[in-house]
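Taking it in order: structure first as structure tokens, then the write-up.
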Amino acid sequence: MHKNKSNTELNSKLDAVSIALKQSIKNLDSYTHVRGESLYVDDVNVRQGTLHAVVFDSRKAHGKIKSIDYSKAEALDGVERIFTYKDIPGENEIGGIIRDEPLFAENEVHFWGMPIALIIAESEFIARKARNLIEIDIQELPVITTAKQAKAKGSFINAPRSFSLGDTENTFKDCEYIYEGETFSNGQEHLYIEAQGAYAEPLENGNIKITSSTQGPTAVQKTTANVLGLAMHKIEVDVTRLGGGFGGKEDQATPWAVMAALATYHLNQSVKLILNRHDDLHMTGKRHPYESTYKIGLSKDLKILAYEAEFLQNSGAAADLSPAIAERTLFHATNSYYIPNVKTMVLSCKTNLPPNTAFRGFGGPQGMYVIESAIAKAASEIGVTSREIQEINLLDENDTFSYGQIAKKVEAKNTWDSAKSLFSSDALEHDVEEFNKNNTSFKKGIAFMPICFGISFTNTSMNHARALVHIYLDGSVGISTAAVEMGQGVNTKMMQIAAQVFSIPIEKIKIETTNTTRVANTSPSAASSTADLNGKATLMACNSLLKRLKLVASEDLNTKPEHIELKDEFIYINDKKSELSWTELISSAMLKRVALTENAHYATPEIHFDKTKEKGHPFAYHVYGTAITTVTLDCTRGTYEFDWVKIVHDYGKSMSEGIDLGQVEGALAQGIGWMTMEEIAYNDEGRLLSNALSTYKIPDIFSVPKDVEVIPVETKGHELAILKSKAVGEPPLMYGIGAYFAIQNAMMAFNPNYDLKFHAPMTPEKVLMGLHNK
Ligand code: MTE
Ligand code: HPA
Ligand code: MOS
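Using this note's numbering, the final residue of the sequence shown is 810, and nothing's skipped along the way.
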């Protein structure tokens, strides 16, 4: 085991090694993906006699359960058992942060889709048929579906959180301009291609193995152990890869795995539980809708002097990750601007929706949408462009965030200025103006969107990871970490690290499944930090092995270890190739009984946060960037097309350019979807109306920008980023916020009387009404 004091040292050693692979590296999963050979939970070779499970859930959003009659369902041929909370040997509790969420409803239901029982049958088909035979009588109680209703009724998940910097109250007195307003941003469905699911198998001695589609194997293990009343070591969780998670499987992959394991526990049989799309859509939580109010104060020369915001988070019926997500909203409430006086507050409002959960950006996008709205409002009232206000207020080196962290290695102005010059933004703005002068039924809009996103779990104690590296006798390498591959390419990055340290080809390295018996007590793969945390641990383990191997080589070659280098599968002495190959070196180490396995632990240094003061240094570093978006509106129809999005992004020194570009493009499309077309709808009874892809529109090939250009900004990267390659998973989603404001700018060009509205998504329907509303 190694402590992480020497990380910087390890990192700088690696700097010397050229990142030769980075140009050519593809996501190593692409081969099996394209051939349809990649394995997911539903592809696991099931054991003979495997049973299938379907969840019986509430079709009322709030009420008391008066009676349930399972007899007809139980009598159906092929039905094995129906499990309820009464069958739970441990605790009927799955809440991660707050213990407020039962696995199965007992006497009350709190949301439409809340699990009540688990039907086990010979086939999924039979289990579904049985579900329709269950008779339930629920006495309905009042339903809360919006955060505002919850606030009015005093229905909250926990106490509010509040950040403050300077003195907003007194500063507002000195402001030339003050504007107040309201905003709304809707939820968002994760729509991972692989629905939630798990497969549980009985092992000997009452042990259970769960194959789960989860971002958090340890969360699944811990919660299953708790519900079954077993020690954690009796539960093994294994993950090959996910067909997407996007935050939706950080916490909400857990219940299905626990349910499958509960059935296995009782029946001593393998049990498979895979939600179909319909069940997944209405049973799982989504991105949190937010209703917010803001007050912004500016000086005569457009400096934002003071900013206040109150965020009402629609948390749903249980806490899930809401408190952590609420916290990140506060961290990102001022986006990439320096505002000297800030007061923000967030209330996690308890409603009767499925518990909302992590979604790419984790509350950050909701916070950033509000400040961008406030700026847009101020700009339109003052009679300037948003761009002018944004530009003047960009964060600078050594500025203080409202949570006390001092901004270092800031790339806000760098990415902004680079975007302006590289893309000739003056000319672009001019083109838009010209187009609008010459066209009446089509209008264009342009918007700038700078981003600043903090990297680290906001909960400091979660920022750690381990890696277990084996070098086998023949020189091939196997790596286990806590990283879950969900399409983001983290496995490729792990392989690149080992390939570089040992200077061996990628083909000699294998990334093992993510398994709790090999790497324990892990944080979920989330917060965009998976590659940083697990990569650093992998780097440390590989470097320890390297050190050991250099010693062996120096003995074999009669020289000093410091003269030894490993290059392209050979050992070099002072840059001169020797006869000794990598494989021979491994054999020699084996004969000398040198350990060829290493386990390393990494914990991010420097970070801390004091919740009693709401101050600290929670982030290892920040990721910056600037996007420029243009849209063309068809003002007769209210439809729009994004002409292009041009981005200057701060990758640090990207270690895998193709993968990182894929992350930027994917996140951008997802952000645009959230802001423009994805419309979650619940009725007043709390039933999800947008419960199929026919009623929930996500971006397709026709709705993504016709052209996306991403230029990496030249920066030094950051020591705490893996090989100085900055985290890239979530930050670019927030470029999509620019789409909202580009559309709104085009609307203003058509209808000068248009009254700005901050109510996302900006669907064509809303556009049409705004365009023709006098
Ligand atoms: N990319 C793909 N293809 N699939 C995903 O599920 N999840 C996103 C992002 N990119 C996701 C993705 C989210 S929410 C996070 S937090 C990060 O990837 C997690 O991976 P990382 O920590 O390795 O960036
Ligand atoms: N980001 C993502 N997931 C998390 C976080 C975070 O900051 N904290 C806890 N889970
Ligand atoms: Mo991502 S929302 O941190 O899984």
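In this text, a Cβ means the ideal position worked out from N, Cα and C, and glycines have one as well.
- The closest heavy atom of ligand 2 lies 7 Å or more from the beta carbon of E650.
- By the Cβ rule, the segment 703-716 counts as touching the segment 761-772, because three or more pairs are nearer than 8 Å.
- Set against 7 Å, the gap from the CB of T290 to the closest heavy atom of ligand 2 is not smaller.
- Residue pairing by DSSP places Q224 opposite no residue, since no beta bridge is assigned to it.
- From the listed residues A636, L621, N635, the smallest Cα separation to R629 is found for L621.
- In this structure, N495 and A355 do not form a Cβ contact; the two beta carbons are roughly 14 Å apart against a cut-off of 8 Å.
- Closer than 7 Å to some heavy atom of ligand 3: that does not describe the Cβ of R277.
- The alpha-carbon separation between C488 and K122 amounts to approximately 48 Å.
- If you draw a straight line from the Cα of A89 to the Cα of M150, it comes to about 16 Å.
- With the criterion CB distance below 7 Å from any heavy atom of ligand 1, the matching residues run Y228, L278, G280, G281, F282, G283, A394, F395, R396, A519, M522, G523, Q524, V526, S561, A562, A563, S564, S565, T566, A567, Q699, G702, A703, A763, V764, G765, E766 along the chain.
- If you look at Y405, you'll find it in the alpha helix (DSSP H) that goes 400-418.
- Judged by DSSP in its simplified three-state form, F347 adopts strand.
- Considering only L239, T549, Q524, the residue with the shortest C-alpha distance to A563 is Q524.
- Rounded to whole angstroms, the gap between the alpha carbons of V513 and P800 is 53 Å.
- Relative to the non-hydrogen atoms of ligand 2, the Cβ of N392 never comes closer than 7 Å to any of them.
- For T712, the enclosing alpha helix (DSSP H) begins and ends at 693-712.
- Segment contact: the segment 335-352 against the segment 421-438, three or more CB-CB distances shorter than 8 Å; contact assigned.
- In this structure, F655 and I491 form a Cβ contact; the two beta carbons are roughly 6 Å apart against a cut-off of 8 Å.
- For W618, the enclosing alpha helix (DSSP H) has its first and last residue at 618-627.
- Look at the beta carbons and you see the segment 719-732 not touching the segment 783-796: under three pairs across the two are nearer than 8 Å.
- Here E363 carries a helix assignment [DSSP, helix/strand/coil].
- N450 counts as buried, since no fewer than 16 other beta carbons sit within 10 angstroms of its beta carbon.
- Set against 7 Å, the gap from the CB of N495 to the closest heavy atom of ligand 2 is smaller.
- For Y374, no beta strand (DSSP E) encloses it, and the DSSP letter there is neither H nor E.
- A heavy atom of ligand 3 is found nearer than 7 Å to the CB of Q251.
- Secondary structure of K529 (DSSP, three-state): helix.
- Restricting attention to alpha helix (DSSP H) runs no shorter than 4 residues, the segment 411-475 encloses them at 422-428, 448-458, 461-474, ordered along the chain.
- Per DSSP, reduced to three states, the secondary structure at I716 is coil, with no helix or strand assignment.
- Around the C-beta of D287, 16 or more other C-beta atoms lie within 10 Å, and the residue is accordingly described as buried.
- Within the same chain, and ignoring the five residues on either side of M381 in sequence, the residues whose Cβ sits closer than 6 Å to its Cβ are P196, S198, E346.
- With contacts defined by Cβ atoms closer than 8 Å, K308 and V520 do not form a contacting pair.
- Within the same chain, T496, G652, P654 come within 6 Å of F645 by CB-CB distance, once the 5 residues on both sides are set aside.
- By the criterion of a C-beta distance shorter than 6 Å, Y301 is surrounded in its chain by L264, once the five residues flanking it on both sides are discounted.
- By the CB criterion at 8 Å, R277 and Y67 fall outside the cutoff.
- Here the alpha carbons of E216 and E417 stand approximately 11 Å from one another.
- Of the residues assessed, S384 falls on the buried side of the cut-off, its CB having 16 or more other CB atoms within 10 angstroms.
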